[in-house]
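Chains as they are written, first to last, in the working numbering: chain Y, 13 to 224; chain A, 214 to 485.
Here's what the structure looks like:
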């Protein structure tokens, strides 16, 4: 029997094409992506059939945790700092440049204004820890104070009013709340907004289709 | 990682340049790209969140409350209670008292399609039908415009082809780009103003009927945010233009209590 010569085939696969594809995909993702903003609490928004998209810029978002704690987030860093200064002035607190710089980087915040200095002095991991602990214990040191009054104890009122004064007409308000939030907590936020004549705002929901 | 393979044919033909086969191994590159893609896929949010717009009534103390010119038989009060319970009664309690004695004044319903939605669609038949007709017509037109759009773009391509043929020296990229932007611009402008027009028309339809119900939403302290959103959703589905979220009153709570106890609470007399 004659020997069959087995031809040795190279196992090298040309990866150039594959590389091309991945680079294209990567470019696509890099260009289309907007990063998920870090939020102090994960909320599951209720679903709705409404298909309106939220405006992209100049949105002040009021985040309501399932236990009623209120957090605020604003999208423009400079506005955020300007509003902090204005709110600080209302309560007779002035912030150093160092503190303002730190505040600039915090996307979402929720501490009473009297604790803000302490909060800003902490490192970022410590800040997160403080928020998480506070949420678990339902402590008073966490969340922007909201109440039924129309005085300075209602700090959410001050924040929103100052934001409105700064941005005038190009400011949209949005409420993002967990589906399981009890209605009284939402009512508190809504009536606070009502108290400063903010009668038009968005409720953030996720999409669902009509079931017939 | 680049391999340079030299193939030497024993130097039979002298003077000919040696062929260099440069083969770069792209596997690590692909690995790295895959990792990056994974990162971007996980760290990004592709879709913007949906919202629903809500307009709350202005504060009562600040505005003079106009006596509403609403016929009493158009008003429906919806009560949201805990444990996903939903009730409604007809009539406006600020004008005429509902029958507190009879626990059947309050009707229990649900968040399902057969519950509140069926009732409201029944009350708002005219508007709902008009809305449905409008939507069908709109979809029809949109399909037609899309077809036209396709035809237009193919015509556009043909035009570019012709031009390039005439020019013979390759595609005039600038011209092609310009033609494309014009087409896209025209399309976008058309659609944008179209959407606004549609929205206005929908609102007109919603307001046209003078029989469609006017809803007063009252949420008790036991209800959740989800309940509220669900009911607001029903308003949108049923094409109701006039509704308001107001505070729940003691009378309403009494009605719920009375319904739950099947009239036992009414023995003590109506609440004041």
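Ideal placement from N, C-alpha and C gives every residue a C-beta, glycine not left out.
As the structure is a computational prediction, the values presented were derived from the model and not from experiment.
- When beta bridges are read from the DSSP output, residue 301 of chain A appears opposite A/291, A/320.
- With a threshold of 9 Å between beta carbons, residue 160 of chain Y makes no contact with chain A.
- Taking 9 Å as the CB threshold, residue 263 of chain A lines the interface with chain Y.
- Of the candidates A/450, A/470, A/441, A/441 places its Cα closest to the Cα of residue 457 of chain A.
- Secondary structure note for residue 203 of chain Y: its alpha helix (DSSP H) is the uninterrupted segment 195-207.
- In terms of CA proximity to residue 266 of chain A, Y/212 leads the group Y/149, Y/81, Y/212.
- Per the C-alpha coordinates, the member of A/300, A/239, A/253 positioned closest to residue 43 of chain Y is A/253.
- In this structure, the straight-line span from the alpha carbon of residue 298 of chain A to that of residue 243 of chain A is close to 56 Å.
- At a C-beta separation below 8 Å, residue 27 of chain Y has these neighbours in chain A: 238, 239, 240, 242, 243.
- Taking all protein chains shown into account, residue 251 of chain A has fewer than 16 neighbouring C-beta atoms within 10 Å of its C-beta and is therefore exposed.
- Taking one beta carbon from each stretch, the region 114-123 of chain Y and the region 147-155 of chain Y have 3 or more pairs nearer than 8 Å; the two touch.
- The three-state secondary structure of residue 264 of chain A, taken from DSSP, is strand.
- Here residue 86 of chain Y is bridged, per DSSP, to Y/72.
- In terms of beta-carbon proximity, residue 175 of chain Y stays away from the interface with chain A, with every pair separated by 9 Å or more.
- With contacts defined as CB atoms closer than 9 Å, residue 186 of chain Y and residue 53 of chain Y fail to qualify as a contacting pair.
- Within the region 91-112 of chain Y, no residue places its CB atom closer than 8 Å to a CB of chain A.
- If you look at residue 246 of chain A, you'll find it in the alpha helix (DSSP H) that goes 240-256.
- From the listed residues Y/214, Y/133, Y/140, the smallest Cα separation to residue 184 of chain Y is found for Y/214.
- For residue 33 of chain Y, the enclosing alpha helix (DSSP H) has its first and last residue at 28-44.
- Close partners of residue 257 of chain A in chain Y (Cβ separation under 8 Å): 41, 44, 45, 46, 47, 48.
- Between the beta-carbon of residue 134 of chain Y and that of residue 142 of chain Y there is about 7 Å, and that keeps the pair under the 8 Å contact cut.
- Within the same chain, Cβ atoms closer than 7 Å to the Cβ of residue 106 of chain Y are found at 100, the five residues on either side in sequence being excluded.
- What residue 267 of chain A touches in chain Y, judged by beta-carbon distance under 7 Å, is 213, 215, going in chain order.
- Contact of residue 206 of chain Y with chain A is assigned, a C-beta pair being separated by under 9 Å.
- Under DSSP, the beta-bridge partners assigned to residue 120 of chain Y are Y/85.
- Chain Y places a beta carbon closer than 9 Å to that of residue 458 of chain A, counting this residue as a contact.
- Counting other Cβ atoms within 10 Å of its Cβ, residue 163 of chain Y stays below 16 and is therefore classed as exposed.
- Residues of the same chain with a CB within less than 7 Å of the CB of residue 111 of chain Y, apart from the 5 flanking positions on each side, are 129, 132 in chain order.
- At least 9 Å separates the CB of residue 131 of chain Y from every CB of chain A.
- Interface residue (Cβ-Cβ distance to chain Y less than 9 Å): residue 436 of chain A is classified as such.
- In this structure, the CA atom of residue 374 of chain A is about 57 Å from the CA atom of residue 172 of chain Y.
- Taking residue 191 of chain Y as the centre and dropping the five residues before and after it, the same chain places the C-beta of 56, 58 closer than 6 Å to its C-beta, in chain order.
- Neighbours of residue 140 of chain Y in chain A, taken as residues whose beta carbon is under 8 Å from its own, are absent, since the nearest beta carbon is some 18 Å off.
- Straight-line measurement puts the Cα of residue 205 of chain Y at about 21 Å from the Cα of residue 94 of chain Y.
- Pairwise C-beta distances place the region 445-457 of chain A out of contact with the region 356-368 of chain A, as fewer than three of them are shorter than 8 Å.
- Close partners of residue 58 of chain Y in chain A (Cβ separation under 8 Å): 438, 439, 442, 443.
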